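Take a look at the structure below.
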Amino acid sequence: MKLNLLTLLPLAAAAMQTVKAAATPLRRDDWPHGPFHTEGNQIKNANGEPVILVGTNWPGSGETMIPEGIEFRSIADIVSMMKYVGYNFVRHTYPIQMVDQIYENNGTDITVQSALLYALGEDNGTRIMEMINKNNPQITNSTTRFEVLSMIAEEEKKQGMLMHLDNHISRAIWCCSHDDGNAWFDDVDFNVENWHRGHSYMANWAKKHSNIVSMSLRNELRKSALRPLDYNWQTWWGNVSAAAENIHATNPDLLITISGLDYDIDLSALTTQANLLDAPYVNTDMDKIANAESMPPQYADIANTKFGKANKAVLELHAYKMSTYYQDHLEDCDAIQTGLYRFGFNALGESARPEACNNSTDFADPYSCPSAKITLPTLLTEFGDAQDSSYANVTMQKCLRDFTTKNKIGWAHWALAGSYRIRQNVVFNNDTWGLTTPTWSGYQSQDTVDNFFRPWIQDMGKTNLEL
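Under my numbering, the final residue of the sequence shown carries the number 506; numbering is consecutive throughout.
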């Protein structure tokens, strides 16, 4: 066919439009606009907008391995309670044992009924199964645990919340202590191979739900009191980096949150890129590495990992009144905030440096604030206290609110659950730290919700997770 100039002009214009379209990333209009990635100290969605996470923890890592509270309220009602507060992020705790049981059962998940009977016995298990079915008729004797988790994920998506998968523990029990068998890699119940297998299973399962954009490696690593294991920065980084690479290989869309030592208080060796063989540490229980002074230095070189290069690494820290360091500075807001900075929030950069910082290089100085050598988003994924009218006057809670608000730090309060169907061998164990009442019928402190958490979330500004 012979083409003249008039024929070629529209073809050329169309070709230019095609090139332009290919060079311009498509805007994601479907909430939550994933997958997410990191850029500097921010988490960003697929449209390049910074995302701010504000939320709570929904425990599901106890003996039944089913999220708490659904025996008292419908899933939709519980999610609506979180929505009222303003949450957009829910950290769901789970045990590796839940996945182990699937492999032991020829790849088939355990039913909710079987899980309840196994954990609680015939009488209590049957009773709670009936309560769950009454409030959630879609959950029957044949419904599995992961089917329930999917129901929750879909309801959270419907109401504008992300589900974050947090590997809280290996054997399903109340967490955490030095002697629970779940403390450190290769502890009595902490099988590292099963841990990786569990991560892979969860990362694959997450592909079913677009509001799962992140998952954690492990909650509150700590020294084991049951086995003489190498509790140090070197062992930590070897295991953490391998686990993160495994998750990234399974589901490269996910952000991966990395926790530190001593119940996730300290990530300083990573953020300052200190020599892992002799880096300082918040506590005094670290195992020394023999002949470390004669060995070449080792670093947590996160920038050269595959997940790091893909901009999928996020740090997470905890802060409680009973935590090492913080327990000695409960009424000193300056020391609380300099501690947060020193132990890992320095990864946000100099803009997050508290005014109370001095120029000391002594790690033991509470006002010492070493600068980070890496920049990464850092979240406060656990903190809390008794839910009563005095919550807003607790110095530590006020300081955490101030620090996160000023620096737009994502956070998740501990915890949603006002009761546990079983905890430390007590059936229907109530928890004064929970957001809900023991029967999940309301909030333990409406005053705290209305005059502390809701204004705090409003002060965080636009989150780019609004529906």
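Quick reminder that beta carbons are idealized off the backbone N, C-alpha and C, glycines included.
This structure is a prediction, so every number in the text was calculated from the model and none was measured.
Residue environment for residue 258: buried (at least 16 other C-beta atoms within 10 angstroms of its C-beta). Short of 6 angstroms from the beta carbon of residue 353, and not among the five residues preceding or following it, lie these beta carbons of its own chain, in chain order: 294, 296 and 416. When C-alpha distances from residue 255 are compared across 502, 261 and 132, the shortest belongs to 132. Listed in chain order, the non-local C-beta contacts of residue 399 below 8 angstroms within the same chain comprise 406 and 407, local neighbours out to five positions each way being set aside. Membership of residue 374 in the alpha helix (DSSP H) is indicated by the continuous run 372-381. Taking C-beta separations shorter than 6 angstroms and ignoring five residues to either side along the sequence, the partners of residue 322 in its chain run 301 and 363, following chain order.
Around residue 393, the same chain offers 376, 377 and 380 as residues with beta carbons nearer than 6 angstroms, after the five sequence neighbours per side are excluded.
In the three-state scheme derived from DSSP, where H, G and I count as helix and E and B as strand, residue 181 is classed as coil. In this model, residue 166 and residue 147 are separated by some 25 angstroms (Cα to Cα). Here the alpha carbon of residue 200 sits roughly 16 angstroms from the alpha carbon of residue 106. Counting along the chain, the unbroken beta strand (DSSP E) around residue 207 starts and ends at 201-208. One alpha carbon belongs to residue 443, the other to residue 421, and they sit about 13 angstroms apart.
Closest by C-alpha distance to residue 437, out of 451, 491 and 457, is 491. Straight across, the Cα-Cα distance linking residue 198 with residue 113 is about 14 angstroms. Comparing alpha carbon positions, the residue from 473, 155, 96 and 449 closest to residue 89 is 449. Its Cα nearest to that of residue 504, the residue 250 stands out among 135, 102, 238 and 250. In the DSSP assignment, no residue is bridged to residue 211. In the structure shown, residue 467 adopts extended strand secondary structure according to DSSP, grouped into three states.
Rounded to whole angstroms, residue 108 and residue 395 show a C-alpha spacing of 42 angstroms. Between the alpha carbons of residue 432 and residue 487 lies a distance of about 10 angstroms. Burial check for residue 366: the Cβ neighbour count within 10 Å stays below 16, so the residue is exposed. Short of 7 angstroms from the beta carbon of residue 316, and not among the five residues preceding or following it, lie these beta carbons of its own chain, in chain order: 273, 328, 331, 334, 336 and 337. Scanning the segment 77-130 for uninterrupted alpha helix (DSSP H) segments of 4 residues or longer gives 114-124, listed from N- to C-terminal end.
For residue 353, the uninterrupted beta strand (DSSP E) run begins and ends at 352-357, by DSSP. For residue 145, the secondary structure class from DSSP, reduced to helix, strand or coil, is coil. The residue among 125, 281 and 207 with its C-alpha nearest the C-alpha of residue 497 is 125. With contact defined as three or more Cβ pairs closer than 8 angstroms, the segment 262-269 and the segment 223-241 are in contact.
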